[in-house]
Amino acid sequence: MPRSPNTKDLPVSARLKIVWFLSDMATCMKLPRRAISEAGAIFGCHRNTVYKLWSGRTTIAVQQCSNPAP
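With positions in the sequence shown counted from 1, the corresponding number in the working numbering is that position plus 6.
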(Lines of atoms letter the chains of each structure in order from A; the text may use other names.)
(Lines give C-alpha, C1' and ligand atoms only; values in the text may rest on other atoms or scores of the structure.)
Protein backbone atom coordinates (compact mmCIF):
# COMPACT_ATOMS: atom_id res chain seq x y z
CA MET A 7 0.00 0.00 0.00
CA PRO A 8 1.46 3.40 -0.93
CA ARG A 9 2.40 5.94 1.65
CA SER A 10 0.14 8.92 2.37
CA PRO A 11 1.00 11.99 0.25
CA ASN A 12 1.92 14.23 3.19
CA THR A 13 4.10 11.68 4.98
CA LYS A 14 7.84 12.33 4.84
CA ASP A 15 10.78 10.05 5.57
CA LEU A 16 11.97 9.92 9.15
CA PRO A 17 15.06 12.06 9.67
CA VAL A 18 18.21 10.26 10.78
CA SER A 19 17.99 11.92 14.21
CA ALA A 20 14.49 10.48 14.79
CA ARG A 21 15.64 7.06 13.63
CA LEU A 22 18.55 7.23 16.04
CA LYS A 23 16.27 8.23 18.94
CA ILE A 24 14.03 5.23 18.26
CA VAL A 25 17.00 2.84 18.14
CA TRP A 26 18.43 4.32 21.36
CA PHE A 27 15.04 3.95 23.04
CA LEU A 28 14.87 0.29 22.04
CA SER A 29 18.50 -0.30 23.02
CA ASP A 30 17.74 0.94 26.52
CA MET A 31 14.89 -1.58 26.76
CA ALA A 32 16.87 -4.50 25.32
CA THR A 33 18.52 -7.19 27.41
CA CYS A 34 21.31 -9.04 25.61
CA MET A 35 20.07 -7.37 22.39
CA LYS A 36 16.65 -9.02 22.85
CA LEU A 37 13.61 -6.79 23.20
CA PRO A 38 10.84 -7.48 25.71
CA ARG A 39 7.31 -8.08 24.47
CA ARG A 40 5.46 -5.07 23.08
CA ALA A 41 8.62 -2.92 23.04
CA ILE A 42 8.31 -2.27 19.30
CA SER A 43 4.61 -1.40 19.57
CA GLU A 44 5.33 0.88 22.51
CA ALA A 45 8.10 2.68 20.62
CA GLY A 46 5.78 3.16 17.65
CA ALA A 47 3.14 4.71 19.89
CA ILE A 48 5.64 7.01 21.60
CA PHE A 49 7.34 8.19 18.41
CA GLY A 50 4.21 8.28 16.26
CA CYS A 51 5.11 5.73 13.62
CA HIS A 52 3.93 2.23 12.73
CA ARG A 53 5.38 -0.78 14.49
CA ASN A 54 6.59 -2.17 11.15
CA THR A 55 8.68 0.98 10.69
CA VAL A 56 10.14 0.57 14.18
CA TYR A 57 10.90 -3.09 13.46
CA LYS A 58 12.74 -2.14 10.26
CA LEU A 59 14.78 0.42 12.18
CA TRP A 60 15.66 -2.10 14.90
CA SER A 61 16.61 -4.72 12.32
CA GLY A 62 18.81 -2.28 10.40
CA ARG A 63 20.29 -0.42 13.37
CA THR A 64 23.87 -0.75 12.12
CA THR A 65 22.91 1.08 8.92
CA ILE A 66 21.49 3.97 10.96
CA ALA A 67 24.76 4.30 12.87
CA VAL A 68 26.66 4.48 9.59
CA GLN A 69 24.25 7.14 8.27
CA GLN A 70 24.73 9.18 11.43
CA CYS A 71 28.52 9.10 11.03
CA SER A 72 28.43 10.04 7.35
CA ASN A 73 25.66 12.67 7.74
CA PRO A 74 26.54 14.85 10.76
CA ALA A 75 23.66 16.97 12.04
CA PRO A 76 23.93 20.73 11.49
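Backbone N, C-alpha and C fix where the C-beta goes; we use that ideal spot for every residue, glycine too.
Can you tell me the Cα-Cα spacing of residue 41 and residue 34, whole angstroms? Computed Cα separation, rounded: 14 Å.
To the nearest whole angstrom, what separates the beta carbons of residue 59 and residue 18, a pair I think is in contact under 8 Å? About 11 Å separates the Cβ atoms of residue 59 and residue 18, ruling out a contact at the 8 Å cut-off.
Does the separation of the CB atoms of residue 31 and residue 22 fall below 8 Å? No, the pair does not count as a contact, with Cβ atoms beyond the cut-off.
Rounded straight-line distance, which links the Cα of residue 11 to that of residue 20: Distance between the alpha carbons of residue 20 and residue 11 is about 20 Å.
For residue 63, the nearest candidate out of 28, 15 and 14 (CA to CA): Nearest in C-alpha terms to residue 63, of all of 28, 15 and 14, is 28.
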